[in-house]
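S.K.: Just so you know, we're using the working numbering here: the sequence shown kicks off at 501 and counts up by one.
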Amino acid sequence: MSESRAISSHTEMDAEKFKEPFSTYHMLGGDDTHSYAQNSEYQKQLVVSAEELICKLIDKHLDIEKPSFDPNKTFRIADFGCSIGPNTFFAIENIIKGVENKYKSNIKNPRIPEYHVFFNDHIDNDFNTLFRNIPTSRKYFLAGVPGSFHGRLFPNTTLHFAHCSTALHWLSRIPKEVTEVNSTAFNKGRIHYGGAAKEVKDAYSTQYRKDMDSFLTARAQELVRGGLMVLVILGFPDGVPPSESSIGIGFNILGSCLEDMARMGKITEEQVDSFNLPFYYPSPSELKALIEENGSFTLERIESLISPMKIEKPNLNIIIKVCVSHLRAVIGGVIEEHFGNEIVEELFQLHMKKLDENPMMFDEKYRKEANYFLFLKQKSHL
Ligand SMILES: C[S@@+](CC[C@H](N)C(=O)[O-])C[C@H]1O[C@@H](n2cnc3c(N)ncnc32)[C@H](O)[C@@H]1O
Numbered sequence: 501m502s503e504s505r506a507i508s509s510h511t512e513m514d515a516e517k518f519k520e521p522f523s524t525y526h527m528l529g530g531d532d533t534h535s536y537a538q539n540s541e542y543q544k545q546l547v548v549s550a551e552e553l554i555c556k557l558i559d560k561h562l563d564i565e566k567p568s569f570d571p572n573k574t575f576r577i578a579d580f581g582c583s584i585g586p587n588t589f590f591a592i593e594n595i596i597k598g599v600e601n602k603y604k605s606n607i608k609n610p611r612i613p614e615y616h617v618f619f620n621d622h623i624d625n626d627f628n629t630l631f632r633n634i635p636t637s638r639k640y641f642l643a644g645v646p647g648s649f650h651g652r653l654f655p656n657t658t659l660h661f662a663h664c665s666t667a668l669h670w671l672s673r674i675p676k677e678v679t680e681v682n683s684t685a686f687n688k689g690r691i692h693y694g695g696a697a698k699e700v701k702d703a704y705s706t707q708y709r710k711d712m713d714s715f716l717t718a719r720a721q722e723l724v725r726g727g728l729m730v731l732v733i734l735g736f737p738d739g740v741p742p743s744e745s746s747i748g749i750g751f752n753i754l755g756s757c758l759e760d761m762a763r764m765g766k767i768t769e770e771q772v773d774s775f776n777l778p779f780y781y782p783s784p785s786e787l788k789a790l791i792e793e794n795g796s797f798t799l800e801r802i803e804s805l806i807s808p809m810k811i812e813k814p815n816l817n818i819i820i821k822v823c824v825s826h827l828r829a830v831i832g833g834v835i836e837e838h839f840g841n842e843i844v845e846e847l848f849q850l851h852m853k854k855l856d857e858n859p860m861m862f863d864e865k866y867r868k869e870a871n872y873f874l875f876l877k878q879k880s881h882l
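(1) Out of 677, 764 and 796, which has the shortest C-alpha to C-alpha gap to residue 714?
(2) Quick one: using the 10 Å Cβ neighbour count with 16 as the cut-off for buried, is residue 701 buried or exposed?
(3) Sort 597, 656, 746 and 788 by Cα distance to residue 556 and report the nearest one.
(4) Roughly how many whole angstroms lie between the Cα atoms of residue 753 and residue 704?
(5) Mind checking residue 607: buried by the 16 CB within 10 Å criterion, or exposed?
(6) Assign residue 877 to one of three DSSP states: helix, strand, or coil.
(7) Compute the Euclidean distance between the alpha carbons of residue 648 and residue 632, then round it to the nearest angstrom.
(8) Compare the C-alpha of residue 657 against each of 824, 802, 875 and 567 and name the closest.
(9) Take residue 644 as the anchor and find which of 577, 595, 776 and 671 has the nearest alpha-carbon.
(10) Per DSSP, which residues does residue 842 bridge with? Please list them.
(11) When we look at the beta-carbon of residue 677 and count the other beta-carbons within 10 Å, is it buried (16 or more) or exposed?
(12) List the endpoints of the continuous alpha helix (DSSP H) containing residue 753.
(13) What residues are listed by DSSP as bridge partners for residue 735?
(14) Could you check what DSSP says for residue 805 in three-state terms: helix, strand or coil?
(15) Helix, strand or coil: how does DSSP classify residue 659 here?
(16) Relative to the alpha-carbon of residue 600, which residue among 639, 588, 862 and 624 has its alpha-carbon at the smallest distance?
(17) At 3 residues or longer, and completely inside the stretch 551-591: list those beta strand (DSSP E) runs for me, N to C.
(18) Whole angstroms is fine: what's the gap from residue 787's alpha carbon to residue 668's?
(19) Could you tell me the alpha carbon to alpha carbon distance between residue 727 and residue 698, rounded to whole angstroms?
(20) Can you find a heavy atom of ligand 1 that lies under 7 Å from the Cβ of residue 735?
(21) Ligand 1 and residue 531: does the residue's C-beta get closer than 7 Å to at least one heavy atom of that ligand?
(22) Assuming residue 458 is part of the beta strand (DSSP E), what are its boundary residues?
(23) Measuring CA to CA, which of 542, 685, 760 and 719 is closest to residue 853?
(24) Please classify residue 877 as buried or exposed, where buried requires at least 16 neighbouring CB atoms within 10 angstroms.
(25) Can you tell me which of 554, 541 and 548 puts its alpha carbon nearest to the alpha carbon of residue 801?
(26) Taking the alpha-carbon positions, what's the residue 688 to residue 773 distance?
(27) Where does the unbroken alpha helix (DSSP H) through residue 702 begin, and where does it stop?
(28) DSSP three-state label for residue 645, please.
Here it is, written out as C-alpha cells:
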C-alpha cells in the first residue's frame, strides 16, 4: 500500500471513531415546571440510596497504591447521561467523598489528588442549564462532554471512575424491524414491547445487548486498569414481564391516548404505528450475562436499591400529576420529535385524565420495577 493511501485510510478510520451514528434523545431542558430539573425526584432518590454503598465499595476496591492512582496525578471522574442536574452534582460529590476518604486513610501518604469531572450527555442536552447550576462549593475542575455514551468519548486510559445512573435503559436506536410493516416484529398498535409479540421483545433485547456491549467496551478503553464504574440500571426482576408492571400499564395507556388522538384526526395511524419508545429494562441475569460476555470488567457487586416513591392512596391525585410530569420531562422530546410539538400538551392532559379514571397502575402490586446497582472494576486493557 502506498504511503498516501495508508494515511488517507487512517484518517477515515479516525473520522469514523468520532461520528455520531445514534439518535440523540434528551430530557426537557431549562428549569420550568416541565423541565427534567423539576421532575427528577425519583432519580434523585436512587442517587441518594446508592451513596453509602458507593463509599464502602470505593474503600474496598480503589487501588491507591497503583501508579495510575498516584495522588500527585489528576483523578478523573465522568458521569455518563448526566442530564441537566441537579442529581449529577450529588452523585459526583459523593464519589469524591468516597475517593477522598480512601486517600486520607493512607497513613504513609494521606495526600489527596485534584479532581477533573466530566459531565456527559447527548449533544442536544441543555448543557447551559447544567453549567449555570454547578455548585459554587465544588472541589473539582470540570468540563462538558457531548456525545453518545454508546461510543468512545475519551482517549484511552483517561478515566479513574465512571458513573451512570438511570440512563442505560435508553437504547441507541429503535430496532428497525419493529417499525417495518412487513416484519414479523412489526409493533402495530403498541408503543413498547410490554405485552407485544415475542419477536418485538427479541428485537428490543438484541438492540440492548449491542448497546450495552458498546458501552462496556468504550468505558473499558477509557478507564485506567483497575478503574471503577458504578451503574444504576432500571430493570425488572427475572421472570417479571413489563406488561404486568406499572411501567408497562402506563405505556399501554399512553399508547391508547395516541390512538384516540389518531381517531380524532390530530395525528395519523401510521405515525402511531411507527412510534416506539426507546427503552429496554433488563433483568439481573441478563446484566450479569452481558458483563460476562463482554469480558472487560469484573462485577464486584450487584444489588437492588430501595424503590423510590411509596404510593399512598390519599395522595393519589398528586402522585398521578407527579408521574405524568415526570414522564413528560423524560419522553416529551421523543414525542415532539416524532409527532411535532403541537400534540404534546394535549397528549399528556389526556394521559392524566385516563390515569385519573383508571389508576390501576398505581396499585402497589404492580410496582415491580427494580433499580439495580452495579459496581464494576476494569480488568484488562484492550
Ligand atoms: C433519566 S435521565 C438521568 C439523568 C441523571 N443521571 C440523573 O440521575 O438524574 C437519563 C439521561 O441519559 C441521557 N442519555 C440517554 N442515552 C444517552 C446516550 N446514548 N449518551 C449520553 N446520554 C444519554 C439522557 O439524555 C438523559 O439526560
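Note that beta-carbon positions come from the ideal geometry of N, C-alpha and C, so glycine has one too.
M.R.: Taking the definition as stated:
(1) Measuring C-alpha to C-alpha distances from residue 714 to each of 677, 764 and 796 identifies 796 as the nearest.
(2) Residue 701 is buried by the Cβ-count criterion.
(3) 597
(4) 20 Å
(5) exposed
(6) strand
(7) 22 Å
(8) 567
(9) 577
(10) BP columns for residue 842 are empty, so no partner.
(11) buried
(12) Here the alpha helix (DSSP H) through residue 753 covers 746-763.
(13) 870
(14) Three-state result, residue 805: strand.
(15) strand
(16) 639
(17) The DSSP assignment places 575-580 as complete runs of the beta strand (DSSP E) inside the stretch 551-591, in order along the chain (cut-off: 3 residues).
(18) 11 Å
(19) If you take the alpha carbons of residue 727 and residue 698, they lie about 38 Å apart.
(20) Remark: the C-beta of residue 735 is outside contact range of ligand 1, defined as less than 7 Å to any heavy atom.
(21) For ligand 1, not one heavy atom lies less than 7 Å from the Cβ of residue 531.
(22) Since the first residue shown for the chain is 501 and the last is 882, residue 458 is missing from the structure and cannot be characterised.
(23) 760
(24) buried
(25) 554
(26) 5 Å
(27) 698-722
(28) strand
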